[in-house]
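Single-structure report; data block below.
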Amino acid sequence: MSEIRVRFAPSPTGYLHVGGARTALFNWLFAKKTGGTFVLRIEDTDVERSSDEMVEGILIGMKWLGLDWDEGPIHQSNRLDIYRAKAEELINSGHAYRCFCSAEELKAKRETAAAEKRDFKYDRTCLNLSDDEAQSRLTAGQPYLVRFRVPDRQSTSFNDIVFGKIDIQNETIEDFALLRPNGHPTYHLSVVVDDIDMRITHVVRGADHISNTPKQVLLYEAFGSALPEFAHVPLILGPDKSRLSKRHGATSVMAYKDMGFVPEAFRNFLALLGWSPDPKTYGTREIFNTEELIQAFNLNGISHNNAVFNMDKAVWFNWEYIKSMPLSELIPLVRAELEKANLWKPEYENSNWFAQTVEMLRARTRMLPDFVSQGRPYFSDEFEFDPAAVEKNLKKDPALKELLPELAKRLDAVQDFNLETTEQALRAFAEERGVKAGLLINAARTALTGSAVSPGIFEVIVAIGKERTTRRLASAPLRM
RNA sequence: GGCGCAUUGGUGUAGUUGGUUAACACGCAGCCCUCUCAAGGCUGAGACCACGGGUUCGAGUCCCGUAUGCGCUACCA
4 MSEIRVRFAP
14 SPTGYLHVGG
24 ARTALFNWLF
34 AKKTGGTFVL
44 RIEDTDVERS
54 SDEMVEGILI
64 GMKWLGLDWD
74 EGPIHQSNRL
84 DIYRAKAEEL
94 INSGHAYRCF
104 CSAEELKAKR
114 ETAAAEKRDF
124 KYDRTCLNLS
134 DDEAQSRLTA
144 GQPYLVRFRV
154 PDRQSTSFND
164 IVFGKIDIQN
174 ETIEDFALLR
184 PNGHPTYHLS
194 VVVDDIDMRI
204 THVVRGADHI
214 SNTPKQVLLY
224 EAFGSALPEF
234 AHVPLILGPD
244 KSRLSKRHGA
254 TSVMAYKDMG
264 FVPEAFRNFL
274 ALLGWSPDPK
284 TYGTREIFNT
294 EELIQAFNLN
304 GISHNNAVFN
314 MDKAVWFNWE
324 YIKSMPLSEL
334 IPLVRAELEK
344 ANLWKPEYEN
354 SNWFAQTVEM
364 LRARTRMLPD
374 FVSQGRPYFS
384 DEFEFDPAAV
394 EKNLKKDPAL
404 KELLPELAKR
414 LDAVQDFNLE
424 TTEQALRAFA
434 EERGVKAGLL
444 INAARTALTG
454 SAVSPGIFEV
464 IVAIGKERTT
474 RRLASAPLRM
């Protein structure tokens, strides 16, 4: 058994989108699982639509997801001579021919056919050209295209690891283009030339390529090469079940980074979109760290159905990760968010207090930026007061105007300022004044955080510290 | 239009060779807990397994048809 080699071959005509990312992920997982090699190949044969910027974007997206490659990136645009030579080889062996029909001519034929409700397949005008005619056009310098000559045989089939046997009648396949007049290959030529050349053993790609595969199978045959294994991965759809696109919201993986996804969480979510682990050994488990995901992955678990991208579920994964990932891994992510918001202070570096505060906050934050919005009262003295919270917790009871400054004094008097001592002080004070502890607690919550919602109040008090707590409590009446 | 693929609760999936009340997760509703909001614990609603025919003692699981969705049908990948 030879070494397993897979590839991810994006076309740099856009940023790395979630569908592409998942295809890359499956290839990466399969390579890791089998100890194989993961090749990254940039399919930039369409010069008009490709750009270096997009290539860079794709690489950044993959790196964010932690998908590293063993070989490449190999740019097809650097291999043009190889494709030309291969096209020539096919012409010489009778598997392909030059076509001098212009794009305009063909378009016209297609339109006529459509108007007459016939389907159009290239009519082989140029296959039927006499040798002399073809030769004279060639020497006259007339631009041409190289077309594959589809064999007359009945049908072409291949076995797909996820879809099973797929068989297609050859008469439904037209003599497709291999080389454009500008000497650039089309997709069909470049993929198979490269997949053969790079000794790819498993082609794992989007299901949108199923219909293209028979053409490529024909090319493998023409080159006399053995077929790789094929595994077509179902597509990712938007909530309305149409192909995921901009109007469904973000499609670029980097947009998910910006929303505040933890890369491992997003990757875990993506992995389960169209794939599931063997229930025999993994039951109904859904959370898998990197190692576990690699262990659990196999091509057989890929689903046949297109999957709807469910944002709620993605957020749930994110939250699971934020809640339970090692604090040491979380902190740098939080730091990045705080830096973006200008809330980061040098003394937080290696700070115990900072770690504890993140720990306190993480239980109820789903997205990374929540550390900024919810964490502001802890990391800064400048935070907003929610008017509704002020109304509900501070203004409602006039007695608070006097109680809060007094509570500040009581807390200020607490020697060993911790969860137990602060709670004791507050409850004792409430009892002494004959008010419910809840009244003071909720009022303190809003006075300290500006919000009606927060972690447990004593955790909040300790996190904010004695000095800031007493100050905020004492100044609370200004808002009433 | 032609060709291909698919079709299990709102969503993602499980359901291995056909065999008792179709499972899990997200989401949703309610209860408990409680200083708020979450979390957590408990409970519940929600699928006649797209529809129609077969095959079989018995089908979500096999076969055929229909519908629907998606893909391909380019000198895009």
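Residue numbers for the first sequence follow the numbering used here, so the first one is 4 and each next one is one higher.
Cβ coordinates follow ideal geometry from the N, Cα and C atoms, glycine included.
With contacts defined as CB atoms closer than 8 Å, L28 and R288 fail to qualify as a contacting pair.
Per DSSP, the unbroken beta strand (DSSP E) holding E74 starts and ends at 74-78. Closest by C-alpha distance to K124, out of L276, D178, P242, G209, is D178.
Per DSSP, D135 has no beta-bridge partner at all.
Inter-residue distance for D71 and A428 is about 55 Å (C-alpha atoms, whole angstroms). Burial is judged here by how many other beta carbons sit within 10 angstroms of a residue's own beta carbon; P15 has at least 16 and is buried. Annotation: the stretch 250-305 contains the following complete segments of the alpha helix (DSSP H) (minimum length 4 residues), in chain order: 256-262, 266-274, 282-285, 293-299. With respect to A268, Y324 sits close: the two C-beta atoms are nearer than 8 Å.
The C-beta of L141 has fewer than 16 other C-beta atoms within 10 Å across all chains shown, which makes the residue exposed.
The alpha-carbon separation between I297 and T37 amounts to approximately 9 Å. Spanning the alpha carbons of F461 and T425 requires a straight line of approximately 7 Å. Where K343 is concerned, the enclosing alpha helix (DSSP H) starts and stops at 330-343.
DSSP places G441 in the uninterrupted alpha helix (DSSP H) bounded by 440-452.
Counting along the chain, D170 sits inside the beta strand (DSSP E) bounded by residues 167-172.
For C104, the CB contacts under 7 Å within the same chain, skipping 5 residues up- and downstream, are T128, C129 in chain order. Going by beta carbons, L182 and A210 fall outside the 8 Å limit. With a 10 Å radius around the Cβ and a threshold of 16 neighbouring Cβ atoms, L276 comes out buried.
In the structure shown, A99 adopts extended strand secondary structure according to DSSP, grouped into three states. Counting only runs of 4+ residues, the alpha helix (DSSP H) found wholly inside the stretch 170-208 occupies 190-200, in chain order. Listed in chain order, the non-local C-beta contacts of L247 below 7 Å within the same chain comprise V21, G22, I239, L240, G241, T254, F312, local neighbours out to five positions each way being set aside.
Counting the other Cβ atoms within 10 Å of the Cβ of A99 gives 16 or more, which makes it buried. Bounds of the alpha helix (DSSP H) holding I61 are 55-67.
In this structure, the straight-line span from the alpha carbon of F151 to that of Q219 is close to 10 Å. Residue environment analysis places V50 among the exposed positions, since fewer than 16 neighbouring C-beta atoms fall within 10 angstroms of its C-beta. Beta bridge pairing from DSSP links A310 with I239.
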